[in-house]
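Beneath this line is the structure, given in structure tokens, with notes to follow.
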Amino acid sequence: MTNAAPSSSSPSVLGTVFGAPFRWIRSLYDWVLSWSNRPGGAIALGAISFAESSFFP
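Per the numbering used here, the very first residue in the sequence shown carries number 127; after that it's consecutive.
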């Protein structure tokens with residue numbers, strides 16, 4: 127038996143347990159992470175981090 131790490135294309139544990147309510151959270155998470163590979167990614171992620179900390183201190 128091998129212990130392979132789950133791939134990013136496999137459904138998340140929350141998605142399989144709770145279903146549809148958590149799908150939008152996963153897509154938002156993936157969208158935010160996609161900014162890390164872009165030229166202005168550090169600035170964009172910094173702005174997102176600042177906005178998040180302003181709403182949820």
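Where a beta carbon is used, it is the ideal one built from N, C-alpha and C, also for glycine.
Only a predicted model underlies this, so the values are computations on that prediction, with no experimental measurement involved.
Spatial neighbours of residue i in its chain, beta-carbon cut-off 8 Å, leaving aside the 5 residues before and after
i	result
G172	none
Extent of the continuous alpha helix (DSSP H) run through residue i
i	result
W150	149-160
CB contact flag (residue i, residue j, <8 Å)
i	j	result
A170	W157	no
DSSP state of residue i mapped onto helix, strand, coil
i	result
R182	For clarity, residue 182 is Phe in the given sequence; the question names Arg instead. The answer is coil: DSSP assigns F182 none of H, G, I, E or B.
G166	coil
A146	helix
For residue i, the nearest candidate out of the options (CA to CA)
i	options	result
L159	P147, F148, S175, A146	S175
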